[in-house]
Amino acid sequence: MKTLLTGAAIALLSVTTALAAGSHTGGHGHDDKAAAGQHMAIGKPGMAADVSRTVEVEMLETDDGRMIFRPDRVDVKRGETVRFSLVNNGELEHEFVLDHMAANAEHKAMMAKFPEMEHDDPNAARLVPGATGEIIWTFTNDGGFEFACLIPGHYESGMRGDLSVIDTLATN
Ligand SMILES: [Cu+2]
33 MKTLLTGAAI ALLSVTTALA AGSHTGGHGH DDKAAAGQHM AIGKPGMAAD
83 VSRTVEVEML ETDDGRMIFR PDRVDVKRGE TVRFSLVNNG ELEHEFVLDH
133 MAANAEHKAM MAKFPEMEHD DPNAARLVPG ATGEIIWTFT NDGGFEFACL
183 IPGHYESGMR GDLSVIDTLA TN
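Below, the structure is given as structure tokens:
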């Protein structure tokens, strides 16, 4: 008995998509300067001599399992140089990273991939339990920014705060 193998016709579906269908209009420009740690949208490292105000920020865990900054909202004026006096009153290590939200989100994704990564950025401080630290920062642009702990899981547990820079010339 013979088995006949007949050639099967193979239909190749070529899916053509309308690639020319249009791109985003009014796309956002990238803030390439942020990586440098200077000329960031949020401002630049400040000098102690220029400090006009000290803001104390506490890091801690709560009994109901959240991780927080206290206060979780800070308002500053454009042009102001602020000393952030940080204290970790929690039982875990925490960090304070000052940036715009997109940069913090990117940084957080990076830390999720490389949890051991250490950084020595002027806009960030990492504190072991009981430790204190400070960041002196000059806010050169008005807008909505953020301070956040980007250690994996902490942001999701509530460890972020709003930092609003107000242009006093525009509001007065
Ligand atoms: Cu934390």
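Numbering-wise (the numbering used here), the sequence shown opens with residue 33 and increments by one.
Backbone N, C-alpha and C fix where the C-beta goes; we use that ideal spot for every residue, glycine too.
Query	Result
Same chain, Cβ closer than 6 Å to HIS139, neighbours up to 5 away in sequence not counted	LEU182
Nearest-angstrom Cα separation, counted from THR94 out to SER189	10 Å
Classification of MET191 by the beta-carbon crowding that lies within 10 angstroms, buried from 16 upward	buried
Exposure label - HIS19; buried when at least 16 CB within 10 Å	Since the first residue of the chain shown is 33 and the last is 204, residue 19 is not available in this structure.
Sub-8 Å separation of THR170 and LEU118 beta-carbons	no
Alpha-carbon spacing of TYR187 relative to ASN173, whole angstroms	24 Å
Within 8 Å, strictly: CB atoms of LEU195 and LEU130	yes
Alpha-carbon spacing of ALA156 relative to ASP96, whole angstroms	27 Å
Distance cut-off 7 Å: MET99 Cβ against heavy atoms of ligand 1	yes
Chain-order list of residues whose beta-carbon lies under 6 Å from that of PRO147 (same chain, five-residue window excluded)	PRO184
8 Å CB neighbourhood of ILE198 in its chain, flanking five on each side removed	ASP107, VAL108, LYS109, ARG110 and ASP174
Close Cβ partners of ARG158 (< 7 Å) along its chain, the five nearest in sequence each way excluded	GLU125 and GLU127
Any non-hydrogen atom of ligand 1 closer than 7 Å to ILE183 Cβ	yes
Outcome for ALA80 when other beta-carbon atoms lying within 10 angstroms are tallied against a minimum of 16	exposed
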